[in-house]
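A.B. asks:
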Amino acid sequence: MNTARKNLLFIVLLIVTSLSSSFSAPLFTKTKPLTIQMPVADGKYAFVVDGKKQIVEISNETGKLQIPAEPCVIRYTAEDGVTNLTVFIEQQTSRSFLLPAVQVNESEVEAKWEAVILGNPVRAGKVMTQITGPMNSNPTIEIYDLQGRSLVKKQVAKNQATESYTLDVPQLSTGILLVKVSCEDFSQTLKVLHTN
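Positions -24 to -1, 1 to 172 (mature numbering (1 follows the signal peptide of the UniProt record, and there is no 0)) are the ones given, in order, by the sequence shown.
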């Protein structure tokens, strides 16, 4: 297959992937409710169930998570705001008693994912990406050339609503590059021109 045809197929694949990621999909293919008991004040709390983030309303120390029908792992931040907690849930479990979590603020609940390139074209191998979205997440940034070769892939820690990250790409990879930002149920691909 010649290079032009490969490039066209790769671009079509990226377009289809971008379009499909814009439709909302169910959290898991088959889910069930899990009642959680947590000795905390009423409010909203963030949990990550097998890599998928959920905001749960806790009222009278009780809330409901949607979990997969098979065994899964629940991760969340403890009440101190620092300690990360992990809970393994068996397939038959319908109720779980959890240690207190840190309450999320409204700005985190409402934060929508978005990625932009800061400066286009970019020079000297420095690609700066600004990511907006929920705090305490770990998006992945991957940079490809038009042949579909991965040049750089890095998972970053995102502790603020909006943060910027700089990735170094090889100096020889000039021309149009594709920057893919993904995390949980979000994926966005951006085009950037890299010049010397």
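Note that beta-carbon positions come from the ideal geometry of N, C-alpha and C, so glycine has one too.
#1: Distance, Cα to Cα, C159 vs N172?
#2: Between Q30 and the rest of its own chain, which residues show a CB-CB distance below 8 Å, the 5 nearest in sequence each way excluded?
#3: Excluding sequence positions up to five away, which residues of its chain have a Cβ less than 8 Å from the Cβ of residue 182?
#4: Pull up the CB-CB distance for L148 and I119, whole angstroms please, since I reckon it's below 8 Å.
#5: When burial is assigned at 16 or more other CB atoms within 10 Å of the CB, is K156 buried or exposed?
#6: Which of the three DSSP states, helix, strand or coil, is assigned to M14?
#7: Using the Cα positions of H170 and Q123, report the straight-line distance between them to the nearest angstrom.
#8: What do you get for I152, buried or exposed, if any count of 16 or more other CB atoms within 10 angstroms of its CB means buried?
#9: Where A137 and M111 are concerned, what is the direct C-alpha to C-alpha distance, given to the nearest angstrom?
#10: Please classify D121: is it buried, with 16 or more other beta-carbons within 10 angstroms of its beta-carbon, or exposed?
#11: Going by Cα to Cα distance, which pick from T105, V103 and K28 is closest to P44?
#12: What does the alpha-carbon distance come out to for the pair S(-7) and E90?
C.D. replies: Here's the rundown:
#1: 30 Å
#2: L3, A22, F23, V24, L41 and Q42
#3: One cannot answer for residue 182 here, as it falls past the ends of the chain, which runs -24 to 172.
#4: Actually they do not touch by this definition, with Cβ atoms about 13 Å apart.
#5: The residue is buried, with at least 16 neighbouring Cβ atoms inside 10 Å.
#6: In this structure, M14 counts as coil in the three-state DSSP scheme.
#7: 15 Å
#8: exposed
#9: 5 Å
#10: buried
#11: K28
#12: Low confidence applies here, because S(-7) scores a pLDDT of 47, under 50, leaving its location unreliable and the question unanswered by this model.
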